[in-house]
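**Student:** Pasting a structure here, questions to come.
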Amino acid sequence: TIYHGDIVFYNMEKHKHEFGDRDMIGTIYQQIMTDFSGFSLYYQPIVDARNNRIIGAEALIRWQDDKYGFVSPDRFIPFIEQNACIFELGNWVIWQALQDATEIRRIIPDFIINVNIAAPQLERPDFHYEVLNALHDTGYPPQNLCLELTERCRELDTDFLRGEIEFFRSNGIRVAMDDFGTGNASLQLILELPLDEIKIDRSFVQNIQNHPMNQIIVSAIADGARTIHADICIEGIEDQALELYLQQYHPTYYQGYYYSKPVAKGDFLSLISS
Ligand code: C2E
Ligand code: CA
Ligand code: CA
Ligand code: CA
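According to the UniProt record's numbering, the sequence shown holds residues 293 to 566 in order.
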């Protein structure tokens, strides 16, 4: 752990201006190395675009602490991603999500749980083992798990990325490309990868009616997804007007505050039981 500690302090110095509070990152890091005490997972519904029925959810990490209060993942994930302990945190997320999803599947048998995966997790040789082991130990069906490859994964070598996607898919696990369109990956990339699903980032859709360029981008991503027979999930739907407008792109799934904000497991179970 002394080795990890060195990395933490190096990065904290480097990113002090971004995160402001090195003590906070230190506390988060301590918890990852001990009991994950401040962490929890929230679940945001993903709906079938044909009938708005909940068919799955995305697991989203939360961190809360007496001293720092509620801290958004946007404030610590980018930092943790640069540190070896993203692997431990990512494994905790997979285990927790599969356990919770096992309960949810008692109400929605076909339920699919989406879990965010950061680039350094893919780069770890023991990641395959961790995922398969979590599935095995929870008895959770691989086809009801979807790994969302987050933005930085697109910076990995394309052949390596393809190999990773093929590995998970050959084990029955779904693979989605998250937030496509953000970062500097080309549209060509999705045509080269055997993905099950493409998620279109909310930054392209939230003002789409007034942005011809965003209309072109969303249309191109949707066409690319169809070419490789991948499902399309559009994120960031906040009202019915936007949902109606987006129908022209024929998405498979929608996700956004209009259906529900991310909620704790108990509230998610109430939501789908009512
Ligand atoms: P993301 O993967 O793009 O997740 C979607 C984010 O958009 C979530 O923010 C969600 O609460 C928010 N969102 C969903 N619908 C709407 C909407 O209609 N309007 C608006 N304004 N926002 C909406 P959240 O939960 O704060 O997570 C932020 C990011 O943190 C995630 O973005 C993801 O990149 C990262 N993250 C969260 N959990 C994990 C995790 O377990 N592992 C990793 N590696 N990253 C995670
Ligand atoms: Ca995601
Ligand atoms: Ca996303
Ligand atoms: Ca995002």
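Just so it is clear, CB atoms sit at the ideal spot from N, CA and C, and this is done for glycine as well.
Model, not experiment: these values are computed from the prediction.
Counting Cβ pairs closer than 8 Å, one from the stretch 355-369 and one from the stretch 382-399, do we hit at least three?
**Tutor:** Using a Cβ-Cβ distance cut-off of 8 Å, the stretch 355-369 and the stretch 382-399 are not in contact, since fewer than three pairs of beta carbons, one from each stretch, lie closer than that value.
**Student:** Opposite W384 in the DSSP bridges: which residues?
**Tutor:** DSSP output for W384 lists no bridge partner at all.
**Student:** Going residue by residue through the stretch 365-412, where are the continuous alpha helix (DSSP H) segments of at least 4 residues, counting only ones entirely within it?
**Tutor:** 365-372, 378-396
**Student:** Along the chain, which unbroken stretches of the alpha helix (DSSP H) at least 4 residues long are found entirely within the stretch 414-473?
**Tutor:** 419-430, 450-462
**Student:** Taking the alpha-carbon positions, what's the D327 to I386 distance?
**Tutor:** Straight-line Cα distance between these residues: approximately 15 Å.
**Student:** Expressed to the nearest angstrom, what Euclidean distance is found between the alpha-carbon atoms of V497 and G528?
**Tutor:** 7 Å
**Student:** Just to confirm my understanding: we take A533, look at its own chain, exclude 5 residues before and 5 after, and list those with CB closer than 6 Å. What are they?
**Tutor:** none
**Student:** Grouping DSSP H, G and I as helix and E and B as strand, with all else coil, what is R345?
**Tutor:** Taken through DSSP and simplified to helix, strand or coil, R345 comes out as coil.
**Student:** Name the two residues that bound the continuous beta strand (DSSP E) containing L333.
**Tutor:** 331-340
**Student:** Which value, in whole angstroms, describes the spacing of the CA atoms of E447 and G464?
**Tutor:** 25 Å
**Student:** Taking 8 Å as the threshold, find out whether the stretch 509-516 comes into contact with the stretch 538-549 through three or more Cβ pairs.
**Tutor:** yes
**Student:** Looking at A349: is its Cβ nearer than 8 Å to the Cβ of N406?
**Tutor:** yes
**Student:** With a Cβ-Cβ cutoff of 8 Å, do M469 and L441 count as a contact?
**Tutor:** Going by C-beta atoms, M469 is nearer than 8 Å to L441.
**Student:** Rounded to the nearest angstrom, how far is the Cβ of R416 from that of F379, given a contact under 8 Å?
**Tutor:** 5 Å
**Student:** Where DSSP assigns a beta bridge to I523, which residues make up the other side?
**Tutor:** Residue 523 is actually Asp in this sequence, not Ile. Answer is E489, bridged to D523.
**Student:** If you check the beta carbons only, do I520 and L483 fall under 8 Å apart?
**Tutor:** Yes, they are a contact pair.
**Student:** Can you confirm whether L427, when its beta carbon is compared against all beta carbons of chain D, has any partner nearer than 8 Å?
**Tutor:** The chain inventory of the structure shown lacks chain D, comprising one protein chain alone.
**Student:** Run the proximity test for E530: is its beta-carbon closer than 7 Å to any non-hydrogen atom belonging to ligand 3?
**Tutor:** no
**Student:** Does Q413 pass the burial test, meaning 16 or more other C-beta atoms within 10 Å, or should it be called exposed?
**Tutor:** Buried: at least 16 other Cβ atoms inside 10 Å.
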